[in-house]
Ligand code: DX5
Ligand code: ZN
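Numbering (UniProt numbering), first residue to last: 1 to 215.
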């Protein structure tokens, strides 16, 4: 069970210190938004390059951008340890996933709440992780969509059938109230933004979430 706090809810003027607040987390989740694939705009490659120099943990880059075929490999080449592209935006997901892996990153595919997983099951051999969104991508602090749990189960079942070590990540509205149902459905990597950075003691929130997920 791994926790990946989203720095979307951190103080963007103090990102190095904000990463240190969550030094006990397995990953830091970095939400890249381009104001095209999603309505919001956050940060891009230059900021990720700087974060990679100071982060005490690996970076899990979630690219909510158009044209990931072009951009996503650049994050892997910069040293991001996990790179997630949205299947809704990818033109050639097999080629893209292979480019991520050959640059040394874990290759991951994200699925929006309205997107079915079944047509993409055949991509599993190319992937190290599948991200099932539990909110519409674009903003932190939204309500958890429990109706995505059947999809988490479906992905977990397909991953089991495939036999590889594929992680299943959930992102959006994950908190002490919602994490157990995600774990029960088969998720093993949990993104939490407001639930971690909104807490007085962010590291304690990370530990609490991990314990709940494992319970
Ligand atoms: C939403 C982002 C999430 C977001 C989660 O588009 O992908 O990573 O930061 O924030 P919370 O945990 O507050 O829902
Ligand atoms: Zn995210």
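Note that beta-carbon positions come from the ideal geometry of N, C-alpha and C, so glycine has one too.
In this text, all values refer to a predicted model and were calculated from it rather than measured experimentally.
Anticipated Cβ contact below 8 Å, residue 194 with residue 9, distance rounded: Confirmed, about 5 Å.
Alpha carbon of residue 77 to alpha carbon of residue 18, nearest angstrom: Straight-line Cα distance between these residues: approximately 24 Å.
Secondary structure of residue 169, DSSP reduced to three states: The three-state secondary structure of residue 169, taken from DSSP, is strand.
Residue closest to residue 205, alpha-carbon to alpha-carbon, out of 1, 25, 15: Out of 1, 25, 15, 25 has the C-alpha closest to the C-alpha of residue 205.
Option in 70, 60, 116, 181 with minimal Cα separation from residue 154: Checking every option, the nearest Cα to that of residue 154 belongs to 116.
Burial state of residue 160, where buried means 16 or more other Cβ atoms lie within 10 Å: Classification for residue 160: exposed.
Buried versus exposed call for residue 140 [16 or more other C-beta atoms within 10 Å across all chains shown]: Within a 10 Å sphere around the beta-carbon of residue 140 sit 16 or more other beta-carbons, which makes this residue buried.
Buried versus exposed call for residue 73 [16 or more other C-beta atoms within 10 Å across all chains shown]: With at least 16 other beta carbons inside 10 angstroms of its own, residue 73 counts as buried.
Residue 210 and residue 57 closer than 9 Å at C-beta: No, these two residues do not count as a Cβ contact at 9 Å.
Whole alpha helix (DSSP H) elements within the stretch 16-86, 4-residue minimum: Within the stretch 16-86, the complete alpha helix (DSSP H) runs of at least 4 residues are 45-54, 68-78.
Residue range of the beta strand (DSSP E) that includes residue 108: Where residue 108 is concerned, the enclosing beta strand (DSSP E) stretches over 106-111.
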